[in-house]
Amino acid sequence: LLGRRKIDEALLEELETLLISSDLGVDTTLDILDTVRERASRNELADASAIRELIRDHLTTTLEGVEAPLTLAAEPGPAILIVIGVNGSGKTTTIGKLAFRLVRDGKGVVIAAADTYRAAAAEQLVVWGERAECTVVRKEAGADPAAVVFDALAQAKKEGADVVIIDTAGRLHTETNLMEELAKIARVASRQVPDAPHEVLLVLDATTGQNAVQQAELFHRYTGLTGLVLTKLDGTAKGGIVVGITHRLKVPVKLIGIGEGVEDLRDFDAGAFIDALMS
Amino acid sequence: VLTKGFRAARLRLRGEAEITDANVDAALRDLRRALLEGDVALDVAKRFLARVKEEALGQVVRLKAGKGDDEVRVTAGDHFTRICQEQLTALMGAGETDLALETTKKGPAVLLLVGLQGSGKTTTAAKLARNLKKEGRKPLLVAADVYRPAAIDQLAVLGERIDIPVYREEGEDAVKICKRGVAAATKEGRDVVILDTAGRLVVDEPLMRELDKIAKATRPSETLLVCDAMIGQEAVTTATAFHDRLSLTGAVLTKLDGDARGGAALSIREATGVPIKLVGMGEGLDRLEPFRPEALASRILG
Ligand SMILES: Nc1nc2c(ncn2[C@@H]2O[C@H](COP(=O)(O)OP(=O)(O)OP(=O)(O)O)[C@@H](O)[C@H]2O)c(=O)[nH]1
Ligand SMILES: Nc1nc2c(ncn2[C@@H]2O[C@H](COP(=O)(O)OP(=O)(O)OP(=O)(O)O)[C@@H](O)[C@H]2O)c(=O)[nH]1
Ligand SMILES: [Mg+2]
Ligand SMILES: [Mg+2]
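Written as structure tokens, this is what we have:
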């Protein structure tokens, strides 16, 4: 698509198609195209491959500018990670994969099955805990999620665990009472361990469209986000939604999900992400 | 705050007496933004804009020729709005929200639910079963997701909640489970079978083949794509892939109780011809409703 062609409206239209089709959204796409047009009009862009570089730099600045590693240690511990997001985004699976990785790396992990609402949510997490070989703390269906967190932290203390990962029920950001429940879970964590929660990770399905922007804004407002997880990148979706979200909220993508298996978790690599987006 | 999208189109035409070649293009650019922000697929949006332009200018010509007596004389803004709403509604709905549920001499009606991971299939399966039971049918749920941890337990718990039997096996052959589920339904006098399948990517060839085999073995009267209302530009790729393989008879748009605009409804229908039949309006098992095109049309326009 972008070789040594000259820059004309047809090329810009192809670029727009590429960016919109990757779920970058109208605003982000227009920002990029405006920059391209402006540079082109000043004869600062030799050809189409120069445009490619410009877009790469623009996206890299946005995504790498806020890059930060996952907080996996705390003094005093344990490090507490809360995993949140709308229904079906991949929270439970991501936690299973992360726990597996951490245990393999020699860390003590406890998982809190704080989704006490959805059918068989705890059972699903118990299977992942077996795969990861770590304790899953659960209570009966309908129990107060905060009570599960409390129990999990007690168990973590008992085991001397380094990390506690809290799974939460999927919830739409438009449900105020559910968002307040989430804020309460975060408060319970903060009262138990200084500086907790050390990570609040919003899990976003890569196939999500522009509604991801509203999701991120609302979850950020209620709990404060420290990172994004982009799942299902092994599909056809490019996950371009994270660009606008990172730009506006300054929250970095920390992990990506690339499958349903226990090892299908990767640290976010902006370069690789941008390559895939532009292909 | 800059007014963008559909509201901008209305404002732009507010001072105008009528839609003209000159002012319609600007209004269409605003409409285009509205559709893209509403997650309508780009190509679908472009084709829709062409339709709106043709209809808008065509109506003005007819009005001037005195042939538009069914088209009330209104301001350009209201006229444009009405055309957009009408065209969207017409495109998305032809009232085909009914499900094909007839039993045959061979046995019960079979409904096959398919879709991407996490779209809401298992929940929708239970909702469907509950509604059918309320209508006097005898549904059987079949737990054919042999991959996801506790997927079978999830369907079993839901089945228990609504007092509907769930066919399950310990095995790992989804095709056999579906076949034997239908046989069990026939034997036990259940007259409609709902097959809950595993979420899958359209690029996962072995899993797409599994669906081919399930469809071939069970001959469903309905093959429904269960699709998350918040899906973005991949709606067309996804729906087309499932449709090409399975000949979908309908789609269910889930999680419409959120604030996703749901442009996928237009994309799916326009690109594949598959009708949206049902919408999921919540996690509760009573939250499944027939699709209403006019409601979704104004939602997509924002
Ligand atoms: N292909 C693919 N599937 C994934 C990925 N992550 C999760 N999934 C699948 O997505 C579906 C939903 O995953 P869950 O982990 O149950 O999602 P959740 O956010 O916990 O869902 P709720 O608790 O119901 O809100 C499952 O079928 C997972 O196997 C991924 O990276 N790639
Ligand atoms: N708010 C809302 N949540 C829904 C709706 N339909 C399903 N869900 C939720 O979405 C999540 C995923 O639903 P599932 O039924 O597990 O989805 P699935 O397609 O079976 O997932 P896989 O089997 O992993 O592919 C669960 O948390 C459901 O409660 C809906 O209409 N509205
Ligand atoms: Mg979960
Ligand atoms: Mg399921």
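In the order they appear, the protein sequences are chains A and B. In terms of my numbering, the numbers along the first sequence are unbroken and rise by one, the last being 279. In terms of my numbering, the numbers along the second sequence are unbroken and rise by one, the last being 581. We put the CB at the ideal spot given by N, CA and C, even for glycine. Only a predicted model underlies this, so the values are computations on that prediction, with no experimental measurement involved.
**Q.** Extent of the continuous alpha helix (DSSP H) run through K254 of chain A
**A.** Segment 253–257 is the beta strand (DSSP E) holding K254 of chain A; no alpha helix (DSSP H) there.
Q | N-terminal and C-terminal residue of the alpha helix (DSSP H) that T419 of chain B is part of | A | What sits at residue 419 of chain B in the sequence shown is Leu, not Thr. Careful: L419 of chain B lies outside any alpha helix (DSSP H), inside the beta strand (DSSP E) at 418–423.
Q | Start and end residues, beta strand (DSSP E) containing I111 of chain A | A | 109–114
Q: Go ahead and pull the three-state DSSP assignment for R39 of chain A.
A: helix
Q.
What are the residues in the region 123–134 of chain A lying within 7 Å of chain B by C-beta distance?
A. E123, Q124, V127, W128
Q | Own chain residues within Cβ distance below 6 Å of I431 of chain B, not counting five before or after | A | A422, R447
**Q.** Q124 of chain A versus E573 of chain B: straight-line alpha-carbon distance, rounded
**A.** 39 Å
**Q.** Between the CA atoms of C457 of chain B and A389 of chain B - distance to the nearest angstrom
**A.** It should be pointed out that residue 389 of chain B corresponds to Val in this sequence rather than to Ala. Roughly 10 Å separates the two Cα atoms.
**Q.** Cβ neighbours of V366 of chain B in the same chain (closer than 8 Å, five flanking residues each side left out)
**A.** As written in the sequence, residue 366 of chain B is Gln, which differs from the Val given in the question. Closer than 8 Å at the Cβ level, and outside the excluded window around Q366 of chain B, lie F327, R330, V331, E334.
Q.
Any heavy atom of ligand 3 inside 7 Å of the beta-carbon of D167 of chain A?
A. yes
**Q.** T92 of chain A classed as buried or exposed, judged by whether at least 16 other C-beta atoms fall within 10 angstroms
**A.** buried
**Q.** Partner residues on chain B for D205 of chain A, Cβ-Cβ distance less than 7 Å
**A.** G397
Q: For A576 of chain B, go through chain A and note every residue whose CB falls closer than 9 Å to its CB, in chain order.
A: The contacting residues do not exist; A576 of chain B stays about 17 Å from chain A at best.
Q: Going by DSSP, name the residue or residues bridged to C506 of chain B.
A: B:L532
Q) At a Cβ cut of 9 Å, what residues of the region 230–252 of chain A count as close to chain B, listed as they run along the chain? A) T231, K232, D234, G235, T236, A237, K238, G240, I241
**Q.** CB contact check: G345 of chain B to chain D, cutoff 8 Å
**A.** Protein chains in the displayed structure are A and B, and chain D is not among them.
Q) Leaving out five residues before and five after K283 of chain B in sequence, what residues of the same chain have Cβ atoms less than 6 Å from its Cβ? A) R312
Q: Could you give the DSSP three-state label for I166 of chain A: helix, strand or coil?
A: strand
Q: Determine the DSSP secondary structure at D27 of chain A, reduced to helix, strand or coil.
A: helix
Q) Three or more C-beta pairs closer than 8 Å, one from the region 71–85 of chain A and one from the region 197–204 of chain A: is that the case here? A) yes
Q: Starting from R266 of chain A, follow its DSSP beta bridges and name the residues at the other end.
A: A:I256
Q. Whose CA, out of B:E439, B:R524, B:T533, B:L419, lies closest to the CA of A568 of chain B?
A. Reading off the sequence shown, one finds Glu at residue 568 of chain B, where the question assumed Ala. Of the candidates B:E439, B:R524, B:T533, B:L419, the one whose C-alpha sits nearest the C-alpha of E568 of chain B is B:T533.
(Q) Please classify A40 of chain A as buried or exposed, where buried requires at least 16 other C-beta atoms within 10 Å of its C-beta. (A) buried
Q: Check whether the Cβ of A99 of chain A lies closer than 7 Å to any heavy atom of ligand 6, and answer yes or no.
A: Ligands in the displayed structure: ligand 1, ligand 2, ligand 3 and ligand 4; ligand 6 is not one of them.
Q: Look at the alpha carbon of C134 of chain A and the alpha carbon of E489 of chain B, and state the distance between them as a whole number of angstroms.
A: 33 Å
Q | Per-residue burial, P387 of chain B [other beta carbons within 10 Å of its own, 16 or more giving buried] | A | buried
Q: Tell me, please, whether the CB atom of E660 of chain B is closer than 8 Å to any CB atom in chain A?
A: Here chain B has residues from 280 to 581 only, and residue 660 of chain B is not among them.
Q) What is the DSSP secondary structure of Y222 of chain A, reduced to helix, strand or coil? A) helix
Q.
Once DSSP output is grouped into helix, strand and coil, what is the label at V83 of chain A?
A. strand
Q. Using 8 Å as the limit for Cβ to Cβ distance, is L290 of chain B near chain A?
A. no
Q | Contact list for the region 480–492 of chain B against chain A, Cβ threshold 9 Å | A | L480, V481, V482, D483
Q) Which residue's Cα is closest to the Cα of L70 of chain A: A:Y117, A:A276, A:I258, A:V229? A) A:V229
(Q) Assess contact between the region 410–422 of chain B and the region 435–454 of chain B, defined as three or more Cβ pairs (one per stretch) separated by less than 8 Å. Is contact present? (A) yes
(Q) Our contact map puts T207 of chain A next to G235 of chain A with C-beta atoms below 8 Å; I'd like the distance itself, whole angstroms only. (A) 7 Å
Q. Roughly how many whole angstroms lie between the Cα atoms of L380 of chain B and A146 of chain A?
A. 45 Å
Q: At 7 Å on the CB atoms, spell out the chain A contacts of E513 of chain B, in chain order.
A: T207, T236, A237
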